[in-house]
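The next block holds one structure in the form of structure tokens; read it before the comments.
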Amino acid sequence: MRLNSKGQVTIPADIREKCGLRPGDEVDVIEEGGVLRIVRREGHGTRGQRVARRMRGSAAGGMSTDEIMELLRGE
Numbered sequence: 001m002r003l004n005s006k007g008q009v010t011i012p013a014d015i016r017e018k019c020g021l022r023p024g025d026e027v028d029v030i031e032e033g034g035v036l037r038i039v040r041r042e043g044h045g046t047r048g049q050r051v052a053r054r055m056r057g058s059a060a061g062g063m064s065t066d067e068i069m070e071l072l073r074g075e
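Numbered by full-length UniProt numbering, the letters in the sequence shown go through residues 1 to 75 in order.
What follows is the structure, encoded as structure tokens:
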């Protein structure tokens with residue numbers, strides 16, 4: 001791997017898949033005795049879980065499920 005001018009590296013796809021890393025996942029880089037380790041940040045969940053957590057409770061209420069479905073489906 002090569003470090004680019006912004007200090008970034010690309011984790012190879014096979015390693016990302018093996019470790020279950022997805023776009024948007026948060027990781028930490030930890031230095032231990034001159035060795036760098038990349039570890040998934042604990043407690044953040046998957047990207048979908050983070051989005052759902054952020055959106056929870058933010059919907060403007062007032063419409064029933066039937067009203068929403070009628071609006072989406074149209075005539």
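By construction, the Cβ of each residue, glycine as well, lies at the ideal position given by its N, Cα and C atoms.
Residue span of the beta strand (DSSP E) that contains residue i, given as start and end
i, result
"residue 28", "27-32"
"residue 36", "35-40"
Length of the line joining the Cα atoms of residue i and residue j
i, j, result
"residue 47", "residue 63", "28 Å"
"residue 9", "residue 24", "15 Å"
Rounded distance between the beta-carbons of residue j and residue i, thought under 8 Å
i, j, result
"residue 40", "residue 29", "Actually they do not touch by this definition, with Cβ atoms about 12 Å apart."
"residue 21", "residue 11", "7 Å"
7 Å CB neighbourhood of residue i in its chain, flanking five on each side removed
i, result
"residue 15", "none"
DSSP three-state assignment for residue i, whether helix, strand or coil
i, result
"residue 11", "coil"
"residue 59", "coil"
"residue 74", "coil"
Start and end residues, alpha helix (DSSP H) containing residue i
i, result
"residue 3", "Residue 3 -> no alpha helix (DSSP H), and no H or E assigned at all."
"residue 22", "Element bounds for residue 22: n/a, residue is neither H nor E."
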